[in-house]
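Trainee: Residue numbers (the UniProt record's numbering): 1 to 722.
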Amino acid sequence: MRPRSLVWLTEQGFFTGQLALDQHPAADAGDSIIDAAQVLPFPTLDTPDAADPPIAMVASAYHYLFLYETSIKAVSALTHQRVFDEELALEHGERVLDLLGDVQAGTFWIATTLALFEVVTTREDRHAWRHFLRKRRFRDALALAPDAAHRDIVRVAHAEHLLSQSARVAAARVLADVQHTLTFEEIVLKLQEADPQCALRVFLLLKLHQTPVSDPVRTSLLCTWAVELSAADGATPADGAAATATRPTLRPPPSSRSASTSPSTSTLADRVHAARADFYRLLAKYKDRVPAALIYEVLAGHSRTHDMLAFAELTHDVAQHVASLIELDHHAGALKVLARCHDVEIHYRYARKLLWALPGQTMALWTRMPELQPERLLSDIMAYCQLAQQEDPVQRGPAARRQACTYLAYVVSHQGPQPPAIHNHLVSLLVQESHPKNEAPMLQYLAQHAHGEYDSQYALRLCHRKGLVQCVIEIYHSLQLYEQGVQLALSVADVDLAKKHADSIENDPELRKRLYMQIARHVAERHPDVMAVLDIAKDSGILTLQDVLPLLPELLLMEGLKSDICHVLEDIGLETHRLQETMHQTTATASLLQADLAALRGRTVLLSPLDRCTLCRQPLLACPDLFAFGCGHAFHRHCLRRAAPRYLPSRLADRVRQLAHDLDTLAAAGTAAAAAAQQRAAAAAELDSVLGADCVVCGERALRLLDQPLVREQDEDPSWDL
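Right, dumping it as structure tokens:
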């Protein structure tokens, strides 16, 4: 360790000084390397030989030790006052020899002729801090203060001194470390009196840095207060020099000075950029520990829109980011932010403002966001169109309608089914865009969408009011009001439109014929031109001369109709011939059927005594009641009654069971009354007709059961389960 002081014992006193080796690293010969050199007198003695100089002298950290023949004395190196005086306990004839010091170990020894004494130093620096404090050597005093309370005393004195020198920021930095002597409120009041902005802000930032993470309330209060001071300080303006950019960044832009820039202007700009950088560093550091709503409230109270924008970008607060950009009239930037945002509520919140500022870009963005619900945007679109029409009915109003039509048409065409409100508003806009000479916008929509998607009555009313005849006819057609459509077309003397409407009906010839008759009647009444009526009949492809003949005038020259009448007569002859052939074919078919029925009445089935019932395999003739079919199968009546329900439809099967039950009931009752006998005969006849209708083995009903399982689920035995 390099020595810092020099002590030299002389006859006149002891010479002291500070070695300034660091200040004079390459001193030339003759240059002094000793600062604050002085010669001090020896400590006085209370003996007659007081003028004798000391035998030896050593220096400790804060004291000078002097050895005399019978005593040792200590003088403070700071105050030069005697602070210690001790007589040596020497034996008879014992003499002191020297006073030695071990610099490395920090110990001191007195050597005598008989012994070696150690001079023990204990807390020799305990009063040094007071001396340094009086001398305003605050750093040394702070280093030597024994505890936190004494260090606070030093800091307070240091701060008072700095405040007296107008060094308010430095005082705030010192006061930030005070823990016990002054309360937080006292320090704040002291700094507010000196500098209510800069110094207090520095103090709050330092206290904020000292606040642990476990104390969120204190952190929030300190940070909010610091932001409040920064926002209110003219050194961080959101307008003026710092607001020249369109939007702020989280780093201050580099200061560029030209040769013509005055020093005062550069200094102000540097101060603005530095303060702004500190402010953004504060926001970036504590953005997660302070409620964002408090920061926004403070910044909004000082109209710091640029700072709100920067903080929103820093915290990824899309809603506030967009709001700040809109407030700064930077709507294009707001749309760019929203293009990366999939929170639909934010889109809905700012839709109206963006739509008014940039309608085209806003609706283009909406088309790229399929998660948006168009019905939530409908009120904004309607308000935009209404305001645009009120502001500029010549240019902006029609442009707004066209933009809205484009977006809504895209929605209903590419984003799936939409609620009727979307279609109805689109219809109202398309009706406004159409006019009687150009109905294309509305006609195109009607051709692509069914009437169930929009309110047909509403669309019909709008088109009637605007005079869109073709659109009204299309709506009539969608509502299957064909006659009203043709009548409307004829009312405006548009025969071609009426014919087009009638030709659109393909699956109902009668209706098409009726519509063409209506057209022909209109032409006959309005234009007594026979050829015009006949042309209508030819164009229809369904009307004949007989149909339109009643529409022609009674006094009519037949010369022009001769060929048509001949064609009609030829058609009538051909139709008569075709009907005659059909009658001959029908008569022949009836004769064949009668012959087949007569042959069936004489058909018999021969049974052998060896024949067996197809179902029970018992002799067939063992039971007189039996059924024999032309296919060769024969059955006992009771066997067929049991088996038939399996092959019959459920309705007939239930009827067979009911008839069998009725027969059994009547037989068990044994009633001989005529009514009972008649009832029994009717039931037996009906049962025989059902059972004898088809063979249960090879008949049509049996063939239908080929793809059915052999064992039905209800016939399965539980013991079959694995």
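Don't be surprised by glycine CBs; every beta carbon is placed ideally from N, CA and C.
Which stretch, first to last residue, makes up the alpha helix (DSSP H) that contains Gln18?
Mentor: The count along the sequence shown starts at 1 and reaches residue 18 at position 18. Element bounds for Gln18: not the alpha helix (DSSP H) but the beta strand (DSSP E), 14-19.
Trainee: For residue 798 versus Pro359, is the C-beta spacing smaller than 8 Å?
Mentor: What the structure shows of the chain is the stretch from 1 to 722, and residue 798 is not part of that stretch, so it cannot be assessed.
Trainee: By DSSP, does Ile34 sit in helix, in strand, or in coil?
Mentor: Reading the sequence shown from its first residue, position 34 is the one you call residue 34. Looking at Ile34 - three-state DSSP - the assignment turns out to be strand.
Trainee: With DSSP collapsed to three states, give me the class of Glu509.
Mentor: As a working mapping, residue 509 is identified with position 509 in the sequence shown. Glu is not the amino acid found at residue 509; the sequence shown has Pro there. Looking at Pro509 - three-state DSSP - the assignment turns out to be helix.
Trainee: Closest to Asp307 by CA distance: which of Leu365, Leu283, His464, Lys513 is it?
Mentor: Residue numbering aside, residue 307 sits at position 307 when the sequence shown is read from its first letter. Of the candidates Leu365, Leu283, His464, Lys513, the one whose C-alpha sits nearest the C-alpha of Asp307 is Leu283.
Trainee: Given Ala171, which residues of its chain have a CB within under 6 Å of its CB, disregarding the five upstream and five downstream residues?
Mentor: If you number the sequence shown from 1, residue 171 lands on position 171. Contacts found: Ala159, Leu162, Leu163.
Trainee: Would DSSP call Lys73 helix, strand or coil?
Mentor: Working through the sequence shown from its first residue, we reach residue 73 at position 73. In the structure shown, Lys73 sits in a strand (DSSP, three-state: E or B).
Trainee: Three or more beta-carbon pairs under 8 Å between the segment 630-647 and the segment 694-705, yes or no?
Mentor: Judged by Cβ distances under 8 Å, the segment 630-647 makes contact with the segment 694-705, as three or more pairs qualify.
Trainee: Suppose contacts are defined by Cβ-Cβ distances below 8 Å. Is His321 in contact with Val337 by that definition?
Mentor: For the purposes of this step, residue 321 is taken as residue 321 along the sequence shown, with counting starting at 1. For the purposes of this step, residue 337 is taken as residue 337 along the sequence shown, with counting starting at 1. Between His321 and Val337, the C-beta gap is smaller than 8 Å, which places the two residues in contact.
Trainee: Sorted by chain position, which residues of the same chain lie with C-beta nearer than 6 Å to Gln518's C-beta, five sequence neighbours on each side aside?
Mentor: As a working note, residue 518 is residue 518 in the sequence shown. The answer, listed in chain order, is Val486.
Trainee: In terms of residue numbering, what span does the alpha helix (DSSP H) encompassing Met369 cover?
Mentor: Counting from 1 along the sequence shown, the entry for residue 369 is found at position 369. Secondary structure note for Met369: it is in no alpha helix (DSSP H), with a DSSP letter that is neither H nor E.
Trainee: Kindly list the residues whose CB is nearer than 7 Å to the CB of Ala357, restricted to its own chain and excluding five residues on each side of it in sequence; keep chain order.
Mentor: Locating residue 357 in the sequence shown gives position 357, where the first residue counts as 1. His331, listed in sequence order.
Trainee: Since Ala634 is in the beta strand (DSSP E), which residue starts that stretch and which ends it?
Mentor: By one-based count along the sequence shown, residue 634 stands at place 634. 634-636 is the span of the beta strand (DSSP E), which, as asked, contains Ala634.
Trainee: Would you list the residues sitting across from Pro624 in a DSSP beta bridge?
Mentor: The residue given as residue 624 occupies position 624 in the sequence shown. In DSSP, Pro624 forms no bridge with anything.
Trainee: Return yes when at least one heavy atom of the ligand COA lies under 7 Å from the C-beta of Arg642, else no.
Mentor: Of ligands this structure carries none, so the ligand COA is not represented either.
Trainee: Determine the direct distance from the alpha carbon of Asp270 to that of Pro252, and round the result to whole angstroms.
Mentor: Within the sequence shown, residue 252 is the residue found at index 252, counting from 1. Within the sequence shown, residue 270 is the residue found at index 270, counting from 1. A caution first: Pro252 carries a pLDDT of 41, below 50, which makes its placement in the model unreliable, though a value can still be read off. Cα to Cα, the separation comes out at about 10 Å.
Trainee: Once DSSP output is grouped into helix, strand and coil, what is the label at residue 735?
Mentor: Here the chain covers residues 1 to 722 and nothing more, so residue 735 does not appear.
Trainee: Mind checking which residues open and close the alpha helix (DSSP H) that includes Gly101?
Mentor: To locate residue 101, count along the sequence shown from 1; it is residue 101. Where Gly101 is concerned, there is no enclosing alpha helix (DSSP H), although the beta strand (DSSP E) it sits in stretches over 96-102.
Trainee: Quick one: which unbroken alpha helix (DSSP H) runs of 4-plus residues sit fully inside the segment 460-495? Chain order, please.
Mentor: 469-478, 482-491
Trainee: Are Ala702 and Tyr647 closer than 8 Å when you measure CB to CB?
Mentor: One-based indexing of the sequence shown puts residue 702 at position 702. One-based indexing of the sequence shown puts residue 647 at position 647. Their beta carbons are under 8 Å apart, which means Ala702 touches Tyr647 by this criterion.
Trainee: Pick helix, strand or coil for Arg701, following the three-state DSSP scheme.
Mentor: On the sequence shown, residue 701 is found 701 positions in, with the first residue counted as 1. Note: Arg701 maps to helix in three-state DSSP.
Trainee: Where DSSP assigns a beta bridge to His501, which residues make up the other side?
Mentor: Sequence index remark: in the sequence shown, residue 501 carries index 501 (1-based). In DSSP, His501 forms no bridge with anything.
Trainee: Run through DSSP, which three-state label would Thr604 get?
Mentor: As a first step, residue 604 is located in the sequence shown; it is residue number 604 there, counting from the start. DSSP places Thr604 in coil when its eight states are reduced to three.
Trainee: Is it buried or exposed, Cys223, if we count other Cβ atoms within 10 angstroms and call 16 or more buried?
Mentor: Along the sequence shown, read from residue 1 onward, the residue named residue 223 stands at position 223. Per the 10 Å Cβ criterion, buried.
Trainee: Hey, does His414 have any beta-carbon neighbour from chain B nearer than 8 Å?
Mentor: Absence of chain B from the displayed structure is noted, only one protein chain being present.
Trainee: Pairs of beta-carbons, one from the segment 113-132 and one from the segment 87-103, closer than 8 Å: are there three or more?
Mentor: yes
Trainee: Are Ile326 and Ala334 close, meaning C-beta to C-beta below 8 Å?
Mentor: Locating residue 326 in the sequence shown gives position 326, where the first residue counts as 1. Locating residue 334 in the sequence shown gives position 334, where the first residue counts as 1. The answer is yes: Cβ separation under 8 Å.
Trainee: Thinking just about the alpha-carbon of each residue, which of Ile536, Val492, Arg526 is nearest to the one in Ala502?
Mentor: Here residue 502 refers to the residue found at position 502 of the sequence shown. Taking only the C-alpha atoms, the option nearest Ala502 is Ile536.
Trainee: Are Phe203 and Leu175 touching if we call contact CB-CB under 8 Å?
Mentor: Within the sequence shown, residue 203 is the residue found at index 203, counting from 1. Within the sequence shown, residue 175 is the residue found at index 175, counting from 1. At a Cβ-Cβ threshold of 8 Å, Phe203 and Leu175 count as neighbours.
Trainee: Taking only the alpha-carbon atoms, compute the straight-line gap between Gln18 and Glu118 and give it to the nearest angstrom.
Mentor: Mapped onto the sequence shown, residue 18 falls at position 18. Mapped onto the sequence shown, residue 118 falls at position 118. Each residue's alpha carbon lies about 27 Å from the other.
Trainee: For Leu299 versus Phe311, is the C-beta distance shorter than 8 Å?
Mentor: Counting from 1 along the sequence shown, the entry for residue 299 is found at position 299. Counting from 1 along the sequence shown, the entry for residue 311 is found at position 311. The answer is yes: Cβ separation under 8 Å.
Trainee: Do the segment 410-420 and the segment 362-378 meet, that is, are 3 or more Cβ pairs less than 8 Å apart?
Mentor: yes
Trainee: Count the CB pairs spanning the segment 611-625 and the segment 581-596 that are closer than 8 Å, and state whether there are at least three.
Mentor: no
Trainee: Taking the alpha helix (DSSP H) that Thr79 falls in, what are its first and last residues?
Mentor: Here residue 79 is taken as the residue at index 79 of the sequence shown, counted from 1. Element bounds for Thr79: n/a, residue is neither H nor E.
Trainee: With H, G and I counted as helix, E and B as strand and the rest as coil, what does DSSP make of Thr211?
Mentor: As a working mapping, residue 211 is identified with position 211 in the sequence shown. In this structure, Thr211 counts as coil in the three-state DSSP scheme.
Trainee: DSSP beta-bridge partners for Thr107?
Mentor: Here residue 107 refers to the residue found at position 107 of the sequence shown. Looking at the DSSP assignment, Thr107 forms a beta bridge with Asp102.
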